[in-house]
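Chains as they are written, first to last, in this note's numbering: chain A, 54 to 478; chain B, -7 to 41.
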């Protein structure tokens, strides 16, 4: 190797070293940038995941709220109306119950458009607050609005003369304790209300012990002349003596003990009543029953006292039996005891239509001395109700014959067909 | 007579109560339980928080 080549080699080596150094620095610089870029990307993705998790949590909370509220409530923060806190609740509900009533009183036949008084068109507001773990305080406002009620419609006029406006059903407040019972003040069901009406057949909206409800405004026509003026109405000749019904009262109910509840109420005007109800489920059947005693001497001369009861049994097979009876008395009156008994055989099945239960029943009732001494009124009927469960709707049809025997008078039988629908909203 | 009848029915009810499970009564003629046309499974529009 010559002396001239050594400096050239050194220069070449130095140049190579410089190149490597510069290249290494550039590579290191590029790698740091890439790592920084990756870190930024990871940070952004982490933020996106956190945002998505937050949105998911919100959606799950809203879904839970919808499920708890029964389904169609506006979710969480989008609600227009909220109660003041979690323990306060207001439920708004109601129903429309319209039907066509065909009647044949032996002299005349016609069809009326009616509101079925067995379960009238109505609107309800039910508020409650859970005051403590044991105590609930609440209010009920329930009003009905019947256009052409079956309680009022008659042969003489196709427009019923009843109140074409809201009328009261329940206007009450209550305090309810699981340990001490429920105290209720205001207009509403008395203790004995419903004592003649235990019924598990599911056909009660077109036929139950209050048999007159389907057409109580119609009058019996005199045989031969067809006259109806001054004659007894179906509502006047048939009564199921159902205690003190609804009224302005102070009512107390004991806590439910194994299905048994005892009740009493004191009503404006001096009426009072006592009742016991028992309702339970067994392995293969259900029982609902109620008995009661009512003293209405404060406001009525006859009957002053009523004792009655009813029981209904529903077997798993769908077969059901219902019976009811009551008697109204006044020892000082010239009137005979007023009484009735009623029986129903029914069947419930879901095998016919997939949309809901199909319910069938036949019934018979004897109602004596209701409008006057020695009156013997009897009735029988057929009922059918088809439930459309997801729509809150029941379609129904019923046939009933009313008969009234009265000494020194002859009335034609009255046949009716009532067909309609009750829609809960 | 009435008190005897009442006592008899209450005795029978108490005996039945020993083996039954209480169920909630739903009086005839009231707004039915269950879903409504416009509302959910429980029926009724609920305003709550």
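Note that the Cβ used here is the ideal one computed from N, Cα and C, for glycine as well.
Here DSSP, grouped into helix, strand and coil, assigns residue 111 of chain A to helix. Contact annotation: in the stretch 141 to 156 of chain A, residues whose CB is within less than 8 Å of a CB in chain B are 141, 142, 143, 144, 145, 146, 147 and 148. At a cut-off of 7 Å between beta carbons, residue 221 of chain A makes no contact with chain B. When DSSP states are grouped into helix, strand and coil, residue 304 of chain A belongs to the strand group.
Taking each of A:238, A:233 and A:231 in turn and checking the Cα distance to residue 225 of chain A, the smallest one comes out for A:238. Taking the beta carbon of residue 41 of chain B as reference, the chain A residues within 7 Å of it are 135, 136, 138 and 139, listed in sequence order. Your pair residue 167 of chain A and residue 202 of chain A checks out as a contact, with CB atoms roughly 7 Å apart and the cut at 8 Å. Here residue 410 of chain A carries a coil assignment [DSSP, helix/strand/coil]. One thing to note: residue 312 of chain A has its Cβ no nearer than 7 Å to the Cβ of residue 342 of chain A. By the Cβ test, the stretch 233 to 247 of chain A is not in contact with the stretch 422 to 429 of chain A, since fewer than three Cβ pairs between them sit closer than 8 Å. A Cβ-Cβ distance of about 4 Å is found for the pair residue 412 of chain A and residue 255 of chain A, placing them in contact under the 8 Å criterion.
At a cut-off of 7 Å, the C-beta of residue 427 of chain A has no neighbouring C-beta in chain B. Sequence-distant Cβ neighbours of residue 26 of chain B in its own chain, meaning closer than 7 Å and more than five residues away, are 35. For residue 161 of chain A, the CB contacts under 8 Å within the same chain, skipping 5 residues up- and downstream, are 208, 274 and 279 in chain order. Going by beta carbons, residue 21 of chain B and residue 347 of chain A fall outside the 7 Å limit. Flagged as an interface residue toward chain B: residue 312 of chain A, by a C-beta distance shorter than 7 Å. Contacts with chain B (Cβ-Cβ distance below 8 Å) from the stretch 446 to 465 of chain A involve 446 and 447, listed in chain order.
Interface residue (Cβ-Cβ distance to chain A less than 7 Å): residue 0 of chain B is not classified as such. In the three-state DSSP reduction, residue 290 of chain A falls in the helix class (H, G or I). For residue 228 of chain A, the CB contacts under 6 Å within the same chain, skipping 5 residues up- and downstream, are 190 and 236 in chain order. Of the residues A:204, A:183, A:192 and A:186, the one whose Cα lies closest to the Cα of residue 174 of chain A is A:204.
Its chain contains 424 as the residues whose beta carbon lies nearer than 6 Å to that of residue 289 of chain A, once the 5 sequence neighbours on both sides are disregarded; these appear in chain order. For residue 177 of chain A, the enclosing beta strand (DSSP E) has its first and last residue at 175 to 183. Only buried fits residue 257 of chain A, as 16 or more other CB atoms lie within 10 angstroms of its CB. Within chain B, 27 have C-beta atoms less than 7 Å from the C-beta of residue 443 of chain A, given in sequence order. For residue 225 of chain A, the uninterrupted beta strand (DSSP E) segment begins and ends at 219 to 230. The residue among A:148, A:396, A:336 and A:397 with its C-alpha nearest the C-alpha of residue 369 of chain A is A:336. DSSP places residue 339 of chain A in the uninterrupted beta strand (DSSP E) bounded by 338 to 348.
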